[in-house]
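The sequence shown begins at 7 in our numbering and counts up by one.
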Amino acid sequence: MQVRADDPRHPRVAPLVAEHIADQLGNTPAGFAFVLGADALAAPDIDFFSVWDGDTLMGMGALKVLGADSGEVKSMRSTTAARGRGAGHAVLRHIIATARARGYRALYLETGTTPPYDAALTLYRRAGFVSCPPFGDYVASPHNQFLMLDLGED
Numbered sequence: 007m008q009v010r011a012d013d014p015r016h017p018r019v020a021p022l023v024a025e026h027i028a029d030q031l032g033n034t035p036a037g038f039a040f041v042l043g044a045d046a047l048a049a050p051d052i053d054f055f056s057v058w059d060g061d062t063l064m065g066m067g068a069l070k071v072l073g074a075d076s077g078e079v080k081s082m083r084s085t086t087a088a089r090g091r092g093a094g095h096a097v098l099r100h101i102i103a104t105a106r107a108r109g110y111r112a113l114y115l116e117t118g119t120t121p122p123y124d125a126a127l128t129l130y131r132r133a134g135f136v137s138c139p140p141f142g143d144y145v146a147s148p149h150n151q152f153l154m155l156d157l158g159e160d
């Protein structure tokens, strides 16, 4: 699998972004889904990555700048066909490596609390993410949980 910088508006990637948005809005009550659209994912403060196996799109993920020493994992998604094949792990590993290369001390993320988020939560916890209080503009709710990865220690 190859992880590469990409444009979330690219015709081969945009359908996965749209699927992600629909899924997030369908699995989280209104007002508690913080999913970003393709244009927002193309903003200068976000690095968007796609995962490919040859010519087959396997997944996506993004890294949003929070400050000089921290970032936020956004828009993690594997295609249905790629689930369980390591695409999520590949893009998360790439995001973590990018954050480390920038000198970030921490990575944060927000995710849902219902069963559809269980696989993602397992992936994050295996990568070393631990529960943390809300960060940035997020507010605690029964529909969201917050995780952090300390990059200051190896």
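In this text, a Cβ means the ideal position worked out from N, Cα and C, and glycines have one as well.
Quiz item: Which word fits L31, buried or exposed, when buried means at least 16 other C-beta atoms lie within 10 angstroms of its C-beta?
Solution: Here residue 31 refers to the residue found at position 25 when the sequence shown is read from its first residue. Under the 10 Å beta carbon count, L31 is surrounded by fewer than 16 other beta carbons and is classified as exposed.
Quiz item: Thinking C-beta only, is L69 closer than 8 Å to V57?
Solution: For the purposes of this step, residue 57 is identified with residue 51 of the sequence shown, where counting begins at 1. For the purposes of this step, residue 69 is identified with residue 63 of the sequence shown, where counting begins at 1. At a Cβ-Cβ threshold of 8 Å, V57 and L69 do not count as neighbours.
Self-check item: Extent of the continuous beta strand (DSSP E) run through Y130
Solution: As a first step, residue 130 must be located in the sequence shown, where it is residue number 124. Segment D124 to R132 is the alpha helix (DSSP H) holding Y130; no beta strand (DSSP E) there.
Practice problem: Flag this pair as yes or no: are the beta carbons of F54 and L47 separated by less than 8 Å? | Solution: Locating residue 54 in the sequence shown gives position 48, counting from the first residue. Locating residue 47 in the sequence shown gives position 41, counting from the first residue. Yes.
Exercise. Return the residue from the list G158, Y123 and Q151 that minimises the CA-CA distance to A191.
Key: Residue coverage of the chain in this structure runs from 7 to 160, which leaves residue 191 outside it and unanswerable.
Quiz item: Is it true that the region 72-86 meets the region 104-122, where meeting means three or more beta-carbon pairs spaced less than 8 Å apart?
Solution: At 8 Å Cβ cutoff, the stretches touch.
Quiz item: F38 to M154, Cα distance in whole Å?
Solution: Within the sequence shown, residue 38 is the residue found at index 32, counting from 1. Within the sequence shown, residue 154 is the residue found at index 148, counting from 1. So the alpha carbons of these two residues sit roughly 19 Å apart.
Exercise. Would you identify the three-state DSSP class for L42, choosing helix, strand or coil?
Key: Sequence index remark: in the sequence shown, residue 42 carries index 36 (1-based). DSSP places L42 in coil when its eight states are reduced to three.
Quiz prompt | V41 vs I27 beta-carbon contact at 8 Å | solution = By one-based count along the sequence shown, residue 41 stands at place 35. By one-based count along the sequence shown, residue 27 stands at place 21. Pairing V41 with I27 gives a Cβ-Cβ distance under 8 Å.
Quiz item: Between T117 and T85, what straight-line distance do the alpha-carbon atoms span, to the nearest angstrom?
Solution: As a working note, residue 117 is residue 111 in the sequence shown. As a working note, residue 85 is residue 79 in the sequence shown. Taking the straight line joining both Cα atoms gives about 18 Å.
Quiz item: Between the C-alpha atoms of N33 and M66, what's the straight-line distance to the nearest angstrom?
Solution: The count along the sequence shown starts at 1 and reaches residue 33 at position 27. The count along the sequence shown starts at 1 and reaches residue 66 at position 60. N33 and M66: Cα-Cα distance of roughly 19 Å.
Quiz item: Under the rule that 16 or more other beta-carbon atoms within 10 Å means buried, what is P14, buried or exposed?
Solution: For the purposes of this step, residue 14 is taken as residue 8 along the sequence shown, with counting starting at 1. By the 10 Å Cβ count, P14 comes out buried.
Quiz item: Exposed or buried, what is A146 when buried is set at 16 or more other beta-carbons lying within 10 Å of its beta-carbon?
Solution: By one-based count along the sequence shown, residue 146 stands at place 140. Looking at its Cβ environment, which holds fewer than 16 other Cβ atoms inside 10 Å, A146 is exposed.
Self-check item: Close beta carbons around T119, own chain, < 8 Å, minus the five adjacent residues each side
Solution: The count along the sequence shown starts at 1 and reaches residue 119 at position 113. Excluding residues within five positions, the ones whose Cβ falls inside 8 Å are P148, H149, N150 and Q151.
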